[in-house]
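Q:
Protein chains in written order, with my numbering: chain A, 12 to 373; chain B, 7 to 657.
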């Protein structure tokens, strides 16, 4: 395939959407540091540029390599997660790994690895067996093992994303409705078991979510302050750099998990809805790719990546607006954080690669 | 076949893709609805909460006005005191820190619980006052351990002090922390928790002038409580300073002199006194409230200082030069943390040190009331200067017999000699002729029977009875016998020492109905009193009688003349029975005062003015259960007047 042909086929609208989100992120981070490119906004923008570079490079990579490497990637990811539990960097929270001075969260690549491995698995299954439960059991195992490992770290937010992303691939692959219903019931039954597995701080987060006013200055503080910031923003917001909740540090974690709140305070409902619209467009664009490609592997990968991205947005916004417990889920491309942004761009790179190299017309 | 299946699955997957797209759109809609609820429907509520976060309005308490005596000596001021504060944000464990603090400074459990309560309701960066009024010792002990006390800091606040201590307690009154009841009446007090309010005395009466107006600072604060910028700043306005009419020099002498009475003070440190003290609960109670004067009485017994009242006023301006009520108390006890123990001691003390006897103590005026009766009779034309009556030592009225204080009687008396010797029978006669109503009218004109309006709270009006009063309060008609009893200031008649001083001042002044004031006045402010409208000739006759009390050959107080150097004085004794004397007792001979239990002894009264020519000061002295007006109260009044004239002069 020629260079020009490849460049022509690159889904530029996806890249533009993602760059727009990165730019919004940089602007929010500029405000989060009280009107300064240091320490977050500048690096965020540079990482965004680097991410687009990754997408463009991946456009030239044949998606079949991903297909071939997918199982290995999942096994490698699981191995790293196990290693992390053994030699973890913090006394209680083992999320980060450091190689040659570069720290990253191994749970991030695990998300993509799960989707690719599941897509390959279902791609390899004969069509006529798709109605039987046996086919789905190994897939459930592929989700469950990393899920439990990440939960043990403990990182409830990421574990939840792995689970939701994996399950959406199962659903997209054609999991019969009766199993979908069964899974919902099973989840409800499993809830108390999961609850007992949670750490005390996770439990307190959930309890606080259910009744934030019970602990105004403790765990409920984040949720209450976030709702105050969002609500006081009103329709048009208090203006750029004018959000008192954010600028006076009432809002916690405003550069990461609560960045959406900060934008809401300074740009109001209008700003928030604009961002939601961008995410919706991005998710649907990726989902649309699944209709254009040939292999089931490609289709399932795109669906999985699209849903994973969207779940991140949904959980984050629901969390900061007080609809879900504070579980720790960044807002893709806007929240500050190198590993998570790189993961999103790698996902977009995979989508690009698939679209270019596995289009139906070819 | 396989191809068909393939197509089938493609269709399923496409359908699933659409379902996922639909889910994405609807979940986004759900988020949008939630955001609309927060940012549009509820925005005003959250905006309010945001403002409450962002702005901190701090009330700056005003500095309370000071009180000075007439020579600008400080009577009530403000001293810097240190308070202990804690910031829950920086305290590792608030409860533990408080417990540790309680081992270093006095910190009751109740206060600890209060601090913990406050910490739950206030933002954690907000300082909470743990203890105020730290002593130097406590400060030193805290400073040594400060490393162990994260989040603990010190702050300065103002505390009311009364440098004259007990000496001016019944004049200044005191300031103490705001009570819940005051807040109910005046909500603005709630936001000024560090500011005490006047509870009695001048502090209460002039509360509005002294308090001043609080300032207000609106500050933008960040989440850790650090002020970012001051948005508005209204400074507090200090209260007004007041200059009182009191002269501390005279006050000091008067307090000492009144409490000594007719006895001598003893050295508290001596072995004999200490030994006696150990056994005498009454004396211990006296020392415990801070009264450190002990007397040796005529029977060689150790007794507490006398209680009673003495008040000196300027007969022209009405300015009160000295106002003493004994026993006294230390008003400084109330400004900080009043200990329960101290409160109980003051409140349960049998002689009631908290009572201001000058304005709230009610005493039968006894023979000091005879000037009123004499003036009423003279003005009514019932008698003239030369009208005479014979005193045989008693006066029959119907079936009753009313005795004169002198068993053998005084013989022939006129108004001047009757005052000089305080002949009761003479006043029985003229009172019966004058009638109670005219006596009452005269009493009211001289300032009795109504509050004098001096700047002190809870002033009593006393009682000057008449027919209507008797009917209204007792439900029976007035009898002539009651007029007889009233004529010597006993029976229903009740007055305050302040009223007696006003009465004396008006008699001495002669033209103006002078009224007392605790505020220092400029020299020419005496003219704004109402005219007295009592015949000058009648007043002159009464004043001659009062002169004779000191200077007549048979004057009841002729042993206690004020030295000519001070211009001499004129006055009237009063000895008031607190117990009815029965016929049996009278026949056996009255037991001497000193041999009776303290509470059954007569009250000793004396009213006087000085100098005799161009009088300037009037005084009234009451020594509770002090024996006789002449031997106990007269010398007290004489010495206080001498000191007044020595300190202040007469012009």
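Glycine included, each C-beta is placed from N, C-alpha and C at the ideal position. Bear in mind that the values here come from a model prediction, so they are computed numbers and not experimental data.
Could you give the DSSP three-state label for residue 272 of chain A: helix, strand or coil?
A: To locate residue 272 of chain A, count along the first chain from 1; it is residue 261. The answer is helix: DSSP assigns residue 272 of chain A an H, G or I state.
Q: Is the separation between the beta-carbon of residue 271 of chain A and that of residue 260 of chain A shorter than 8 Å?
A: Here residue 271 of chain A corresponds to residue number 260 of the first chain, with the count starting at 1. Here residue 260 of chain A corresponds to residue number 249 of the first chain, with the count starting at 1. Going by C-beta atoms, residue 271 of chain A is not nearer than 8 Å to residue 260 of chain A.
Q: Mind listing the chain B neighbours of residue 261 of chain A? Cutoff is C-beta to C-beta under 7 Å, in chain order.
A: Locating residue 261 of chain A in the first chain gives position 250, where the first residue counts as 1. The contacting residues are 59 and 229.
Q: With contact counted as at least three CB pairs below 8 Å, one residue from each stretch, are the stretch 619-634 of chain B and the stretch 228-238 of chain B in contact?
A: Flag = no, the stretch 619-634 of chain B and the stretch 228-238 of chain B do not touch.
Q: By a C-beta neighbour count over all protein chains shown, 10 Å radius and 16 as the cutoff for buried, is residue 98 of chain A buried or exposed?
A: On the first chain, position 87 is the one that residue 98 of chain A refers to. Counting Cβ neighbours within 10 Å, residue 98 of chain A comes out exposed, since fewer than 16 surround it.
Q: Just curious, the beta strand (DSSP E) that residue 419 of chain B is in, first and last residue?
A: Counting from one through the second chain, the residue named residue 419 of chain B turns up at place 413. It spans 417-419 - the beta strand (DSSP E) in which residue 419 of chain B sits, taken as one unbroken run.
Q: The beta strand (DSSP E) that contains residue 409 of chain B, what's its start and end?
A: Here residue 409 of chain B corresponds to residue number 403 of the second chain, with the count starting at 1. Where residue 409 of chain B is concerned, the enclosing beta strand (DSSP E) stretches over 406-409.
Q: Taking the continuous beta strand (DSSP E) assigned at residue 292 of chain B, which residues delimit it?
A: Mapped onto the second chain, residue 292 of chain B falls at position 286. Taken as a continuous stretch (DSSP letters only), residue 292 of chain B belongs to no beta strand (DSSP E), being part of the alpha helix (DSSP H) at 287-294.
Q: Roughly how many whole angstroms lie between the Cα atoms of residue 405 of chain B and residue 489 of chain B?
A: Taking the second chain and counting its residues from 1, the one referred to as residue 405 of chain B is at position 399. Taking the second chain and counting its residues from 1, the one referred to as residue 489 of chain B is at position 483. Rounded to whole angstroms, residue 405 of chain B to residue 489 of chain B spans 15 Å at the Cα level.
Q: State buried or exposed for residue 189 of chain A, treating a residue as buried only when at least 16 other CB atoms are found within 10 Å of its CB.
A: Here residue 189 of chain A corresponds to residue number 178 of the first chain, with the count starting at 1. Exposed, by the Cβ-count rule.
Q: Whole angstroms are fine: how far does the CA of residue 163 of chain A sit from the CA of residue 231 of chain A?
A: Along the first chain, one-based indexing puts residue 231 of chain A at 220. Along the first chain, one-based indexing puts residue 163 of chain A at 152. Spanning the two alpha carbons is a distance of roughly 24 Å.
Q: If the cut is a Cβ gap below 8 Å, which residues of chain A does residue 51 of chain B touch?
A: Taking the second chain and counting its residues from 1, one reaches residue 51 of chain B at position 45. Result: 242.
Q: Classify residue 103 of chain A as helix, strand or coil using the three-state DSSP reduction.
A: Position 92 of the first chain, counted from the start, is the residue given in the question as residue 103 of chain A. Reliability fails at residue 103 of chain A, whose pLDDT of 48 lies under 50, so the model's placement of it is uncertain and no value is given.
Q: What does a CB cutoff of less than 7 Å around residue 103 of chain A pick up in its chain, not counting 5 residues either side in sequence?
A: Walking along the first chain from the start, residue 103 of chain A turns up at place 92. Bear in mind that a pLDDT of 48 at residue 103 of chain A, under 50, signals an unreliable position, so the model cannot answer this.
Q: Per DSSP, which one or two residues make a beta bridge with residue 369 of chain B?
A: Residue 369 of chain B sits at position 363 when you count from the first residue of the second chain. DSSP lists B/501 as partners of residue 369 of chain B.
Q: Report buried or exposed for residue 338 of chain B, applying the criterion of at least 16 other Cβ atoms within 10 angstroms of its Cβ.
A: Here residue 338 of chain B corresponds to residue number 332 of the second chain, with the count starting at 1. Under this definition residue 338 of chain B is a buried residue.
Q: Does the CB of residue 328 of chain A have a neighbour CB from chain E at under 8 Å?
A: Of the chains in the structure shown, none is chain E; the protein chains are A and B.
Q: Can you list the residues of chain B that residue 251 of chain A reaches, using a CB-CB cut of under 8 Å?
A: Here the question's residue 251 of chain A lines up with position 240 in the first chain. Here the premise fails: no neighbours, minimum Cβ distance about 17 Å.
Q: Quick check on residue 182 of chain B: does DSSP put it in helix, strand or coil?
A: Here residue 182 of chain B refers to the residue found at position 176 when the second chain is read from its first residue. Here residue 182 of chain B sits in strand by DSSP.
Q: Hey, could you find the ends of the beta strand (DSSP E) residue 71 of chain A is sitting in?
A: Position 60 of the first chain, counting from 1, holds the residue named residue 71 of chain A. Segment: none, residue 71 of chain A is in no beta strand (DSSP E) and carries neither H nor E.
Q: Give me the Cα-Cα distance between residue 17 of chain B and residue 293 of chain A, rounded to the nearest whole angstrom.
A: For the purposes of this step, residue 17 of chain B is taken as the residue at position 11 of the second chain. For the purposes of this step, residue 293 of chain A is taken as the residue at position 282 of the first chain. Using only the alpha carbons, I get a separation of about 24 Å.
Q: For residue 99 of chain B, does the three-state DSSP call read helix, strand or coil?
A: Here residue 99 of chain B refers to the residue found at position 93 of the second chain. Coil.
Q: Using 8 Å for Cβ pairs, my map puts residue 71 of chain B next to residue 216 of chain B. What's the rounded Cβ distance?
A: Taking the first residue of the second chain as position 1, residue 71 of chain B is located at position 65. Taking the first residue of the second chain as position 1, residue 216 of chain B is located at position 210. Between residue 216 of chain B and residue 71 of chain B the Cβ distance is about 4 Å, and since that is below 8 Å, they are a contact.
Q: Could you tell me the distance, in whole angstroms, from the CA atom of residue 93 of chain A to the CA atom of residue 153 of chain B?
A: Walking along the first chain from the start, residue 93 of chain A turns up at place 82. Walking along the second chain from the start, residue 153 of chain B turns up at place 147. Cα-Cα distance, rounded: 44 Å.
Q: Going along the stretch 33-46 of chain B in order, which residues come within less than 9 Å of chain A, judged by CB to CB distance?
A: Residues 33, 34, 36, 37, 38, 40, 41, 42, 43, 44, 45 and 46.
Q: Helix, strand or coil for residue 578 of chain B, going by three-state DSSP, please let me know.
A: What you label residue 578 of chain B is simply residue 572 of the second chain in a count that begins at 1. Strand.
Q: With distances taken from CA atoms, which of B/465, B/480 and B/645 is nearest residue 502 of chain B?
A: What you label residue 502 of chain B is simply residue 496 of the second chain in a count that begins at 1. The residue with the shortest Cα to Cα distance from residue 502 of chain B is B/465.
Q: If you scan the stretch 272-333 of chain A from start to end, which runs of the alpha helix (DSSP H) of 4 or more residues do you find wholly inside it?
A: Here the runs fully enclosed are 307-331.
Q: Taking only runs of the beta strand (DSSP E) that begin and end inside the stretch 53-114 of chain B, which ones reach a length of at least 3 residues, in chain order?
A: The stretch 53-114 of chain B contains these whole beta strand (DSSP E) runs: 61-66 and 80-92.
Q: So with CB distances below 8 Å, who are the chain A contacts of residue 48 of chain B?
A: As a working note, residue 48 of chain B is residue 42 in the second chain. Correct list: 242.
Q: Closer than 7 Å by beta-carbon distance: list the chain B residues that pair up with residue 310 of chain A, in chain order.
A: Position 299 of the first chain, counted from the first residue, corresponds to residue 310 of chain A. In chain order: 19.
Q: Starting from the C-beta of residue 251 of chain A, find all residues in its chain whose C-beta is less than 7 Å away, skip the five residues before and the five after it, and write them out in chain order.
A: Stepping through the first chain from its first residue, residue 251 of chain A is reached at position 240. Result list for residue 251 of chain A: 42 and 277, in chain order.
Q: Rounding to the nearest angstrom, what Cα-Cα distance links residue 172 of chain A and residue 157 of chain A in this structure?
A: One-based indexing of the first chain puts residue 172 of chain A at position 161. One-based indexing of the first chain puts residue 157 of chain A at position 146. If you take the alpha carbons of residue 172 of chain A and residue 157 of chain A, they lie about 11 Å apart.
Q: In or out: residue 325 of chain A buried (at least 16 other Cβ within 10 Å) or exposed?
A: As a working note, residue 325 of chain A is residue 314 in the first chain. Residue 325 of chain A is buried by the Cβ-count criterion.
Q: Note down, in chain order, each residue of its chain lying with its Cβ closer than 7 Å to the Cβ of residue 78 of chain A, except the 5 sequence neighbours on either side.
A: If you number the first chain from 1, residue 78 of chain A lands on position 67. Cβ within range, chain order: 131 and 308.
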